[in-house]
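Input: a single structure, listed below in structure tokens.
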Amino acid sequence: MSHSSDTNSDHSHAVPIRVALDLNGQWTELTESTPSSEMVRIRAEDLREAQNLRTRLRAEAVETGKDADDVAVFLDIEIHIADDARTARREFASLDAPVVPASIRYIGTPVGLAGLIADVKAADVADGVTLIAVGSQEANFGKVAYGVVPWLEDRGVAFSASKVAGATGVRPASRVLAS
1426 MSHSSDTNSD HSHAVPIRVA LDLNGQWTEL TESTPSSEMV RIRAEDLREA
1476 QNLRTRLRAE AVETGKDADD VAVFLDIEIH IADDARTARR EFASLDAPVV
1526 PASIRYIGTP VGLAGLIADV KAADVADGVT LIAVGSQEAN FGKVAYGVVP
1576 WLEDRGVAFS ASKVAGATGV RPASRVLAS
């Protein structure tokens, strides 16, 4: 059942994915986590490139005498989400968004985005993600609060209710563990 054979994977999977939002250039983490001594945001064309960047950044930390876990690597993901994928694609097509994304781009549903976020951690692609709305921040991040947060919480990710509410304008359901 286990898909990994390296010794690092058990340790890295023990820490849940971290989730942040980019609100007009201001970075806000939504998850409850132990602060890292260094946080690095990366952009990548695909998950493999992101994974390679994370591996390199962790190796550089070790070379300078730090623990690899002292560096938290956050992958930027441009998002446009709607209740169904067809609507998300239609809405996105009407936006004046760059054809070539600055980093990985996800267009689809909140549950699909939550699955991608979980996969980013499971495959050791990054320690966290920074979600960047393409289109309405209010609409996209509201759907993050209503759809992505509960899905990830069900899988062990602890969110701060006050941070989610402050960043999205949406007070999550009472199932949020930390405030």
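In our numbering, the protein residues as written are 1426 to 1604.
Heads up, the beta-carbon is just placed ideally off N, CA and C, and yes, glycines get one too.
This one's a predicted model, so the numbers in the text were calculated from it and none came from an experiment.
Asked, Found
"CB contact flag (D1501, T1555, <8 Å)", "yes"
"D1479 to V1574 span [Cα, whole Å]", "Note that residue 1479 is Arg in the sequence shown here, rather than Asp. If you take the alpha carbons of R1479 and V1574, they lie about 24 Å apart."
"Beta carbon of E1463 nearer than 8 Å to that of D1495", "yes"
"Beta-carbon proximity list for Q1562, same chain, < 7 Å, skipping 5 on both sides", "L1448"
"Chain D contact for G1537 (CB, 8 Å cutoff)", "Absent here is chain D; the protein component of the structure consists of one chain."
"Distance, E1516 Cα to V1487 Cα", "44 Å"
"Start and end residues, beta strand (DSSP E) containing D1501", "1496-1506"
"Rounded distance between the beta-carbons of P1535 and I1506, thought under 8 Å", "5 Å"
"Cα-Cα separation between A1539 and D1521, rounded to whole angstroms", "25 Å"
"Rounded distance between the beta-carbons of V1545 and I1442, thought under 8 Å", "7 Å"
"Simplified DSSP assignment, three categories, for T1534", "coil"
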